[in-house]
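In the order they appear, the protein sequences are chains A and B.
Per our numbering, the first sequence starts with residue 117, numbered consecutively.
Per our numbering, the second sequence starts with residue 3, numbered consecutively.
Written below as C-alpha cells is the structure these notes are about.
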Amino acid sequence: GAVVSQHPSRVICKSGTSVKIECRSLDFQATTMFWYRQFPKQSLMLMATSNEGSKATYEQGVEKDKFLINHASLTLSTLTVTSAHPEDSSFYICSARDRANLSPLHFGNGTRLTVT
Amino acid sequence: QKEVEQNSGPLSVPEGAIASLNCTYSDRGSQSFFWYRQYSGKSPELIMFIYSNGDKEDGRFTAQLNKASQYVSLLIRDSQPSDSATYLCAVKEYSSASKIIFGSGTRLSIRP
C-alpha cells in the first residue's frame, strides 16, 4: 500500500528557533499533501493544503508566515515552524493522496514537537 | 461550515461482541467516506473507505453508508482488545478536489 514517510518523529527545540518537518510519499506521486495538527485528546485539525509547484492553501486562523510550507516535488513537502513558541507544541501529521487513483489519504507517522 | 459529527465516547464493548460506531455529516453532496483508527500517540491508519450506499465488508469490519440520511457507520465484529482505539470518521467535501473533513473521533474500549 501507499507509504508516507515523515521525519523527524520527535523534536525538542527552544523558543524562538525554527523546526523543519519533512513529508515524503515513497511509492506514489502526490500533487497534494496535507498538514494536520493534533493537540492531546482532540481531533485532527487541517492546517494547510500543500500543492506541488504552487503556494499552499492555509486554513482560517493558521498563520502562513509562521508555518511555512514548501512542496517542491511530487514526493516531498516540508513544513517549517518558524519562531516556535511553547503553544506550538503539538503532534504534526502530514498526509498525501495518490494522484493516480484518487485513493484515500495516507498518513505519515507524525512529528511530536515540544518547544521549551 | 461543513461538519462531521461523532459521539466522543468512550464506547465500552465486551470482547467478542459487535462494536458499532456512528457518524453523521452535513455536506449532502459528499461522495467519499473513510474510517481511520488512531492509537494514542500514533497517526491515523485507514480502516475502510466507502463510496456507494449500502454495506462494504472487509474481514471483521463493515462500513455502512446511507446518503439519504447522511449517515455512515462502522461495525467491528468479534471485537478484540487490540481494537481499543479512537476511530475517526472522515468525509471528502464535494466542493473541493481533495479536502477531507474529520470528525472528532469516538474512543472505543474493548473490555476482556
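Idealized CB from N, CA, C, for every residue including glycine.
This one's a predicted model, so the numbers in the text were calculated from it and none came from an experiment.
For ASP143 of chain A, DSSP records no beta bridge to any residue. PRO156 of chain A counts as exposed, since fewer than 16 other beta carbons sit within 10 angstroms of its beta carbon. Judged by beta-carbon spacing, GLN72 of chain B lies within the 8 angstroms limit of ARG30 of chain B, meaning their Cβ atoms are closer than that value. Close to ILE128 of chain A, with beta-carbon spacing below 8 angstroms, lies no residue of chain B; the smallest spacing is near 16 angstroms. Around the beta-carbon of ARG109 of chain B, 16 or more other beta-carbon atoms lie within 10 Å, marking it buried. The DSSP-derived three-state label of SER134 of chain A is coil.
Identification of chain A residues near PRO12 of chain B by a Cβ-Cβ cut-off of 8 angstroms yields none; the smallest Cβ-Cβ distance measures about 11 angstroms. Think of a sphere of 8 angstroms around the beta carbon of GLY31 of chain B: no beta carbon from chain A falls inside it, the nearest being about 16 angstroms out. Identification of chain B residues near SER166 of chain A by a Cβ-Cβ cut-off of 8 angstroms yields none; the smallest Cβ-Cβ distance measures about 11 angstroms.
Each of B:ILE52, B:LYS44, B:TYR27 and B:GLY43 was checked against the Cα of TRP37 of chain B, and the nearest Cα belongs to B:ILE52. The beta carbons of VAL120 of chain A and ALA188 of chain A sit no closer together than 8 angstroms. Within the same chain, and ignoring the five residues on either side of ARG140 of chain A in sequence, the residues whose Cβ sits closer than 6 angstroms to its Cβ are SER121, THR191 and LEU192. Between the stretch 63-77 of chain B and the stretch 12-32 of chain B there are three or more C-beta pairs closer than 8 angstroms, enough to call the two in contact. Residues of chain B with a Cβ closer than 7 angstroms to the Cβ of ILE209 of chain A are, in chain order, SER45. The residues GLU95, in chain order, have a CB closer than 6 angstroms to that of LYS101 of chain B in the same chain once the five nearest residues on each side in sequence are set aside.
Bounds of the beta strand (DSSP E) holding HIS187 of chain A are 183-189. Nearest in C-alpha terms to THR232 of chain A, of all of A:GLY224, A:ASP214, A:HIS201 and A:PHE223, is A:HIS201. The straight-line gap separating the alpha-carbon atoms of LEU90 of chain B and LYS180 of chain A is approximately 27 angstroms.
Going by DSSP, LEU192 of chain A is part of the beta strand (DSSP E) stretching over 192-197.
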